[in-house]
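Visitor:
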């Protein structure tokens, strides 16, 4: 069918990971490719009890339209939580907007801030969802490399000193997806200083921060400057299927985002917000949930990392993350991990090639392994299959 | 705080209706200004029972990430429902995308289709939410007046014959918000013919169609041509606080929308989709729900319309809608209903001035009254207050 409009995509990029999921649905496939939280972590009995109470006792308002910036019960919890986390009072009104996941926060920020050609800075490798949300508004991406201590903020400082003026700087400081890196305290402080000095807006995306299983917690960049929009979500710490995330930021930015949110979907769904607000507001609930689920991720991360050390040894390099869901690796003798992936799929294991997380998508030696959804013994078997795939790759060269 | 970006709004317009809601929260205010469905219509016991079953029996998948185009259970219901409604097979895959309310469908369509300066056609008066979603992408709005039989499609035909080529034509054919009009069968057929002849894309927004309390149902425009993206929602027939709507359209358009949906929020929340799919899929449930709630709206519409006839008489003109939530009126001697609104608020009643639903927002004599949330006796009292406001307005001239 033809239309008055040319069929075009306005810069839309399909997710390589989503496409990969088709492969991972094959029978007997062990997938290290996904990014789903482990289903064992979902607090189904708590959700069930609270859903029953809401629909039984609270009356129709839990399923009625609600405020564009979020239901007050949830904003009250967020304000209290971040007043501690950021070390300054966060207001229930004007600083918080509840979104359909952190992904929507990225989309709304892009929508109100980014015009075609605007410079957007990101780490490389970068979270693909952020790239997808931003690129629809046609920015010019500029990347700063990251290492195991996060974005090389010193290099950002050089670029700024040389005159670059980004519309926003996007960082994932805790257990980065895909790199697993945690930004050091020094770099967090420096990034905040640069924001103040150059009047930058930092977008600090923190979906994984609560899943820390090693090392000490570090203060968010938003605790060092108010020039930050801080994003987080219940997707990893409670459950992702409610699509409830939030952003906290300067009132002048949040006012613009609120108007865009209203145009985008009026408001975030009322019932999921009420459900999650009531659960996390119970005294001690979140600490107990973390105490229950963080060891799951620790155990899986250790199982995967140990198996790689044992079986693949010096043919691969990686650092052990302090939390989150991802192990980022570099193969010594694999110039293009997309080719290795083909052997891997034949051997019954899947992962995401590193170039999927770059702007230019040039082939590279890297790969992201997720340890979140497989049990420890499955992770060991996945590495055994990966080893066979690596042998087959070597034999085919 | 200053930033590298100028604080601007990229065409964002705050909703006059949302701003009005602040006034309507005053104690003792009787509001005809809102557009909320009556809370009495929400099937809380059914929702409670099904939520319990999902969280108790279905396991973690009901709160896990899910497919970008919607959970298969809901798409299966939508496909079956519209295969009947449209008189042709609608596929579960490729033709349907579940959205966070119809509002998000409008946002996504605007995002993939509208470039700055593109012509978008709408009725006037127009649904404000659609204008808000579209204007962010900076189209050139062209309006065609509507009457009590919907958009004057004959005038659209003249504009097309004269060379106008819109990117999309937006219509609300059933019980329009704000006009209450229902598009006649002849105009539906003509609109479909024009779409085929000029290769147009029609966006047919149908949130209210199930709430018909007079006259005979008419086939949707999408039953006469496939050049339609048809939008609907559970917001009015079940409950709005789940934010579950959907669109059905040509696969080539839906493929673009799916990529934008992924970038916007990954997918619509899983749990609300499962909950609503399971409820509406029960044999006979939707018919029973309609039989329960349609009389509520009929009774309220009659109460409001009769009270206006009795108390205000020939100082106001309106037609009685065949369904939906809105009564659209024109005052004989009020050149600007914003001025009348000030007197009305003093008298303890609120409504939305007609110019809020126009692109140019020029003052006019019109007003939208919603009868959805007040009880019949409250509607009678609201009209009594409105009459006092009208007297005060006349006295002040």
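Chains as they are written, first to last, in our numbering: chain A, 1 to 397; chain B, 398 to 794.
By construction, the Cβ of each residue, glycine as well, lies at the ideal position given by its N, Cα and C atoms.
Only a predicted model underlies this, so the values are computations on that prediction, with no experimental measurement involved.
(1) Tell me which residue opens and which closes the alpha helix (DSSP H) that residue 111(A) is part of.
(2) Please tell me whether residue 630(B) has its Cβ less than 8 Å away from any Cβ of chain A.
(3) Is DSSP giving residue 118(A) helix, strand or coil here?
(4) Residues of chain A with CB under 9 Å from residue 461(B), in chain order?
(5) Is it right to say residue 75(A) is buried, meaning 16 or more other beta carbons lie within 10 angstroms of its own, or is it exposed?
(6) Locate the alpha helix (DSSP H) running through residue 479(B), then write down its first and last residues.
(7) Would you list the one or two residues that DSSP bridges to residue 170(A)?
(8) According to DSSP, is residue 45(A) helix, strand or coil?
(9) Does the beta carbon of residue 378(A) sit closer than 8 Å to a beta carbon anywhere in chain B?
(10) Select from the segment 261 to 295 of chain A all residues with a C-beta closer than 8 Å to any C-beta belonging to chain B, and list them in chain order.
(11) Assuming residue 485(B) and residue 516(B) are in contact, meaning their beta carbons sit under 8 Å apart, how far apart are those beta carbons, in whole angstroms?
(12) What residue from 2(A), 101(A), 114(A) has the CA that sits closest to residue 595(B)'s CA?
(13) Tell me the DSSP bridge mates of residue 627(B)?
(14) Nearest-angstrom Cα distance between residue 755(B) and residue 547(B)?
(15) List the whole-angstrom C-beta distance separating residue 441(B) from residue 60(A), where the pair is believed to meet the contact cut-off of C-beta under 8 Å.
(16) I'd like the list of long-range same chain contacts for residue 465(B), defined as Cβ closer than 6 Å, with 5 residues on each side in sequence excluded.
(17) Compare the C-beta of residue 449(B) against all C-beta atoms of chain A and say whether one is closer than 8 Å.
(18) My output table needs one value for residue 408(B): the three-state DSSP class, helix, strand or coil.
(19) Between residue 453(B) and chain A, is the shortest Cβ-Cβ distance under 8 Å, so that the two count as touching?
(20) Provide the residue span of the alpha helix (DSSP H) that contains residue 236(A), from first to last.
(21) At which residues does the beta strand (DSSP E) containing residue 147(A) begin and terminate?
(22) For residue 763(B), list the residues DSSP reports as bridge partners.
(23) How is the beta strand (DSSP E) around residue 318(A) delimited, first residue to last?
(24) Can you check whether the C-beta of residue 530(B) is within less than 8 Å of a C-beta belonging to chain A?
(25) Counting only beta-carbon atoms, is residue 300(A) nearer than 8 Å to chain B?
(26) Determine whether the Cβ of residue 159(A) lies closer than 8 Å to any Cβ atom of chain B.
(27) Please classify residue 6(A): is it buried, with 16 or more other beta-carbons within 10 angstroms of its beta-carbon, or exposed?
(28) Within 8 Å (strictly less), CB to CB, does residue 388(A) reach chain B?
(29) Compare the beta carbon distance of residue 519(B) and residue 550(B) with 8 Å and say whether it is the shorter of the two.
(30) Contact defined as beta carbons within less than 8 Å: I believe residue 239(A) pairs with residue 495(B). What is the distance between those atoms, to the nearest angstrom?
(31) What does residue 352(A) pair with, by DSSP beta-bridge criteria?
(32) Decide yes or no for the touch test of the segment 694 to 708 of chain B against the segment 733 to 749 of chain B: beta carbon pairs closer than 8 Å, at least 3 of them.
(33) With a threshold of 8 Å, are at least 3 pairs of Cβ atoms found where one atom belongs to the segment 246 to 255 of chain A and the other to the segment 23 to 35 of chain A?
(34) Going by C-alpha to C-alpha distance, which of 433(B), 710(B), 593(B) sits closest to residue 66(A)?
(35) Taking 8 Å as the threshold (beta carbon to beta carbon), is residue 27(A) in contact with chain E?
Guide: In short:
(1) Indexing the first chain from 1 puts residue 111(A) at position 111. DSSP places residue 111(A) inside the alpha helix (DSSP H), whose first and last residues are 101 to 113.
(2) As a working note, residue 630(B) is residue 233 in the second chain. Not an interface residue.
(3) Counted from its first residue, the first chain places residue 118(A) at position 118. It is coil, neither helix nor strand.
(4) Counting from one through the second chain, the residue named residue 461(B) turns up at place 64. Under the 9 Å cutoff, chain A gives 36, 37, 39, 42, 239, 240, 241.
(5) Residue 75(A) sits at position 75 when you count from the first residue of the first chain. By the 10 Å Cβ count, residue 75(A) comes out buried.
(6) If you number the second chain from 1, residue 479(B) lands on position 82. Looking at the DSSP string, the run of the alpha helix (DSSP H) that includes residue 479(B) is 469 to 483.
(7) Looking up residue 170(A) in the first chain gives position 170. Paired residue(s): 122(A), 203(A).
(8) Indexing the first chain from 1 puts residue 45(A) at position 45. Helix.
(9) For the purposes of this step, residue 378(A) is taken as the residue at position 378 of the first chain. Closer than 8 Å: no.
(10) 262, 263, 264, 265, 266, 267, 268, 269, 270, 271, 272
(11) On the second chain, position 88 is the one that residue 485(B) refers to. On the second chain, position 119 is the one that residue 516(B) refers to. The pair is not a contact, with the Cβ atoms about 29 Å apart (cut-off 8 Å).
(12) One-based indexing of the second chain puts residue 595(B) at position 198. Nearest to residue 595(B) by alpha-carbon distance, out of 2(A), 101(A), 114(A), is 2(A).
(13) As a first step, residue 627(B) is located in the second chain; it is residue number 230 there, counting from the start. Answer is 601(B), 645(B), bridged to residue 627(B).
(14) Walking along the second chain from the start, residue 755(B) turns up at place 358. Walking along the second chain from the start, residue 547(B) turns up at place 150. Between the alpha carbons of residue 755(B) and residue 547(B) lies a distance of about 16 Å.
(15) The sequence position of residue 441(B) within the second chain is 44, counting from 1. The sequence position of residue 60(A) within the first chain is 60, counting from 1. Their Cβ separation, rounded to whole angstroms, is 7 Å, which keeps residue 441(B) and residue 60(A) in contact under 8 Å.
(16) For the purposes of this step, residue 465(B) is taken as the residue at position 68 of the second chain. Around residue 465(B): 655, 658, 659, 664.
(17) Here residue 449(B) is taken as the residue at index 52 of the second chain, counted from 1. Taking Cβ atoms only, chain A reaches closer than 8 Å to residue 449(B), which makes this a yes.
(18) As a position in the second chain, residue 408(B) is number 11, starting the count at 1. Note on residue 408(B): pLDDT 47, under 50, position unreliable in the model; no value is reported.
(19) Here residue 453(B) refers to the residue found at position 56 when the second chain is read from its first residue. The C-beta of residue 453(B) comes closer than 8 Å to at least one C-beta of chain A.
(20) Translated into positions along the first chain, residue 236(A) becomes position 236. Counting along the chain, residue 236(A) falls outside any alpha helix (DSSP H), and DSSP gives it neither H nor E.
(21) Along the first chain, one-based indexing puts residue 147(A) at 147. Here the beta strand (DSSP E) through residue 147(A) covers 140 to 147.
(22) In the second chain, the residue the question calls residue 763(B) occupies position 366. In the DSSP output, where bridge partners are listed per residue, residue 763(B) has 727(B).
(23) For the purposes of this step, residue 318(A) is identified with residue 318 of the first chain, where counting begins at 1. 316 to 318 is the span of the beta strand (DSSP E), which, as asked, contains residue 318(A).
(24) Mapped onto the second chain, residue 530(B) falls at position 133. It does; some Cβ of chain A falls within 8 Å.
(25) As a first step, residue 300(A) must be located in the first chain, where it is residue number 300. Residue-level contact check: residue 300(A) does not touch chain B, since none of the beta carbons of chain B fall below 8 Å from its beta carbon.
(26) Counting from 1 along the first chain, the entry for residue 159(A) is found at position 159. No, residue 159(A) lies away from the interface with chain B (no Cβ there is under 8 Å from its Cβ).
(27) Position 6 of the first chain holds residue 6(A). For residue 6(A), the predicted structure reports a pLDDT of 46, less than 50, and the residue's modelled location is therefore unreliable. A value from the coordinates is still provided. Residue 6(A) is exposed by the Cβ-count criterion.
(28) Reading the first chain from its first residue, position 388 is the one you call residue 388(A). Not an interface residue.
(29) Translated into the one-based positions of the second chain, residue 519(B) becomes position 122. Translated into the one-based positions of the second chain, residue 550(B) becomes position 153. Taking 8 Å as the Cβ cut-off, residue 519(B) and residue 550(B) do not qualify as a contacting pair.
(30) Here residue 239(A) refers to the residue found at position 239 when the first chain is read from its first residue. Here residue 495(B) refers to the residue found at position 98 when the second chain is read from its first residue. No, residue 239(A) and residue 495(B) are not in contact; Cβ-Cβ is about 18 Å, not under 8 Å.
(31) Taking the first chain and counting its residues from 1, one reaches residue 352(A) at position 352. Answer by DSSP bridge pairing, in chain order: 368(A).
(32) no
(33) no
(34) Your numbering for residue 66(A) matches position 66 in the first chain. Of the candidates 433(B), 710(B), 593(B), the one whose C-alpha sits nearest the C-alpha of residue 66(A) is 433(B).
(35) As a matter of chain content, chain E is missing from the structure shown, whose protein chains are A and B.
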